[in-house]
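So the structure is just underneath, and the comments pick up after that.
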Amino acid sequence: SQIQPNDEDFKPYQISIAEFADFIGVSKNSMYQECQKITKKLLSRVVEINESNGLLQTGWVSSAKYIDGSGIVNLAFDPLLKPYLLQLKGNFTSCKFDMLLSFKSQYTMRMYTLLKQYECLKERKIELQQLRYMLGIRKNQYALYSNLKKNVLEFTKNELSKKSDLYFEFDEIKYGRKVGAICFRIISKKYVEAPTVDISSNVTLITPEPFLSENQIKPVLTELTSLVPEQHKTKKTVQAGLKSYEKKHGFDYVKRNILYSNSKADKSYAGFLNKSLKDDWGHDWELEQKEVPVKEVWERQGFTSEKEYNEIMYRKQMKNYNKKPRPD
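Residues in the sequence shown are numbered consecutively from 1, following our numbering.
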């Protein structure tokens with residue numbers, strides 16, 4: 001967010017380690033180690049850009065310098081990224097910050113930035129495998145098209161139609177019996193600016209649960225509290241968060257974020273849980289947990305390995321071949 005599109009050149013970008021640790025919900029005791037892990041991952045991430053004269057591959061961040069005793073890390077970016085992050089002028093795509101923050105799913109953000117590039121064209125056909133790559137969907141994630149359609153295409157379509165300045169309809173293009181590409185029809189609309197960037201006030205997509213009285217809330221909170229690790233159950237920040245977000249978003253919303261925090265949080269559990277409740281980090285995680293992995297043919301038929309399956313199939317084929325009558 002410190003990079004401005006009208007800047008003439010990159011400069012050292014300073015990030016407070018304490019603020020960053022608070023944002024991601026990690027303990028102050030381990031914030032340096034955690035931040036170093038994150039910057040190390042950033043340094044290993046490759047950005048691919050299709051330019052007019054060929055493919056550009058470069059690192060997203062070129063260096064991360066920790067200044068002893070300052071609580072600051074300086075980030076530097078590769079100069080080759082200048083045309084895409086600086087001096088954008090007419091090419092700059094303006095986005096409403098509050099709108100982007102309100103998206104529940106990481107895929108909605110990626111779908112928005114993807115379709116925004118083609119907004120003036122009104123229509124764009126994208127091969128299914130290419131779309132998976134563009135949206136950052138892992139190879140084994142949503143392997144069945146029906147899961148991809150429900151959890152990514154339909155979900156992002158509905159969220160964009162409610163929250164953004166564009167939305168889309170789509171047609172499935174089949175290659176034989178299977179869907180091989182998606183044709184997006186991009187529809188622009190006037191974006192009404194929200195009066196606040198408070199994420200918690202505008203992230204609800206599902207129909208709110210009926211209002212519960214104070215007496216009804218107590219057993220619900222008791223059940224939610226039972227999911228929280230024992231050492232954190234009585235913390236005031238935890239109890240306040242559960243009560244507030246259950247009232248705003250309902251039982252299932254809070255439950256998935258508790259379970260997500262249980263599996264991902266470090267020592268700073270309360271901070272992590274409240275960040276998760278605010279931004280609904282558990283949403284995509286819950287979808288991934290519900291996925292049924294697609295088994296290979298040999299797995300479905302009860303073989304212990306693909307090699308065993310191939311050997312038995314070969315023997316069967318040879319046996320059938322030997323049974324065939326030979327010409328005189």
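Built from N, CA and C at the ideal position, the CB exists for glycine as well.
Note that the structure is a prediction, hence the values are computed from the model and not measured.
8 Å contact criterion, which residue i and residue j should meet: CB distance rounded
{"i": "Thr169", "j": "Ile187", "result": "It is Glu, not Thr, that sits at residue 169 in the sequence shown. With a Cβ gap of about 7 Å, Glu169 and Ile187 count as contacting."}
{"i": "Ile17", "j": "Ile72", "result": "7 Å"}
{"i": "Ile182", "j": "Leu131", "result": "6 Å"}
{"i": "Leu259", "j": "Leu227", "result": "7 Å"}
7 Å Cβ shell around residue i - same chain, five flanking residues per side excluded
{"i": "Asn151", "result": "Tyr142 and Leu287"}
{"i": "Pro195", "result": "At Pro195 the pLDDT is 37, less than 50, meaning the model places this residue with poor confidence and gives no usable figure here."}
{"i": "Cys35", "result": "Ile17, Phe20, Ala21 and Val73"}
{"i": "Phe303", "result": "Tyr309"}
{"i": "Ser200", "result": "With a pLDDT of 34 at Ser200, under the threshold of 50, the modelled position of that residue is not reliable, and the figure given next carries that caveat. The residues are Lys248 and Lys278."}
{"i": "Leu55", "result": "Glu48"}
{"i": "Ser27", "result": "Asp266, Lys267 and Ser268"}
Contacts around residue i, its chain only, beta-carbon distance under 6 Å, and the 5 residues preceding and following it disregarded
{"i": "Pro76", "result": "Per the sequence shown, the amino acid found at residue 76 is Ala instead of Pro. Excluding residues within five positions, the ones whose Cβ falls inside 6 Å are Ser62 and Ser63."}
{"i": "Glu127", "result": "Ala181"}
{"i": "Ile15", "result": "Val73"}
{"i": "Thr222", "result": "none"}
{"i": "Gly176", "result": "none"}
{"i": "Lys235", "result": "Ala270"}
Best match in the options for proximity to residue i [C-alpha to C-alpha]
{"i": "Gln231", "options": "Ser268, Met31 and Ala21", "result": "Ser268"}
{"i": "Ser44", "options": "Asp78, Glu223, Phe184 and Phe155", "result": "Asp78"}
{"i": "Tyr66", "options": "Asn50, Phe155, Asn53 and Gln33", "result": "Gln33"}
{"i": "Glu172", "options": "Ser164, Glu154, Asp165 and Lys189", "result": "Glu154"}
{"i": "Phe272", "options": "His249, Glu306, Thr237 and Lys248", "result": "Thr237"}
{"i": "Trp60", "options": "Ile15, Ser70, Leu42 and Asn50", "result": "Leu42"}
{"i": "Val179", "options": "Leu166, Lys157 and Tyr145", "result": "Tyr145"}
{"i": "Phe103", "options": "Ile137, Ser70, Gln129 and Thr156", "result": "Thr156"}
{"i": "Lys189", "options": "Ser27, Tyr167, Lys174 and Arg177", "result": "Tyr167"}
{"i": "Trp281", "options": "Ser30, Ser52, Leu81 and Ser105", "result": "Ser105"}
{"i": "Gln57", "options": "Gly69, Leu81 and Lys40", "result": "Leu81"}
Cβ neighbours of residue i in the same chain (closer than 8 Å, five flanking residues each side left out)
{"i": "Arg124", "result": "Leu115, Tyr118, Cys183, Phe184 and Ile186"}
{"i": "Leu135", "result": "Tyr107, Arg110, Met111, Leu114 and Val152"}
{"i": "Ile229", "result": "Checking the displayed sequence, the identity of residue 229 turns out to be Pro instead of Ile. Result list for Pro229: Asn262 and Tyr269, in chain order."}
heavy atom of the ligand ZN below 7 Å from residue i C-beta
{"i": "Lys139", "result": "Looking for the ligand ZN in the displayed structure turns up nothing, as the structure carries no ligands at all."}
* Are the region 258-267 and the region 281-289 in contact at 8 Å, needing three or more beta carbon pairs? -> Touching, yes, given that three or more Cβ pairs across the two stretches are closer than 8 Å.
* Asked: Residue ranges of each beta strand (DSSP E) run of no fewer than 3 residues wholly in the region 129-159, ordered along the chain?
  -> Counting whole runs of 3 or more residues, the region 129-159 contains no beta strand (DSSP E) stretch at all.
* To do: Evaluate contact between the region 114-126 and the region 243-261, counting only Cβ atoms and requiring at least three cross-stretch pairs below 8 Å.
  => No: the two stretches stay apart, fewer than three of their Cβ pairs being nearer than 8 Å.
* Meets three-Cβ-pair contact criterion under 8 Å: the region 270-281 and the region 227-241 -> The region 270-281, when compared against the region 227-241, does touch it at the 8 Å Cβ threshold.
* Asked: Quick one: complete alpha helix (DSSP H) runs, 4+ long, within the region 23-51?
  -> Runs of the alpha helix (DSSP H) inside the region 23-51: 31-44.
* Taking only runs that begin and end inside the region 246-290, name each unbroken alpha helix (DSSP H) of 4 or more residues, in chain order. => Within the region 246-290, the alpha helix (DSSP H) runs of at least 4 residues that lie entirely inside it are, in chain order, 251-264, 269-279 and 282-290.
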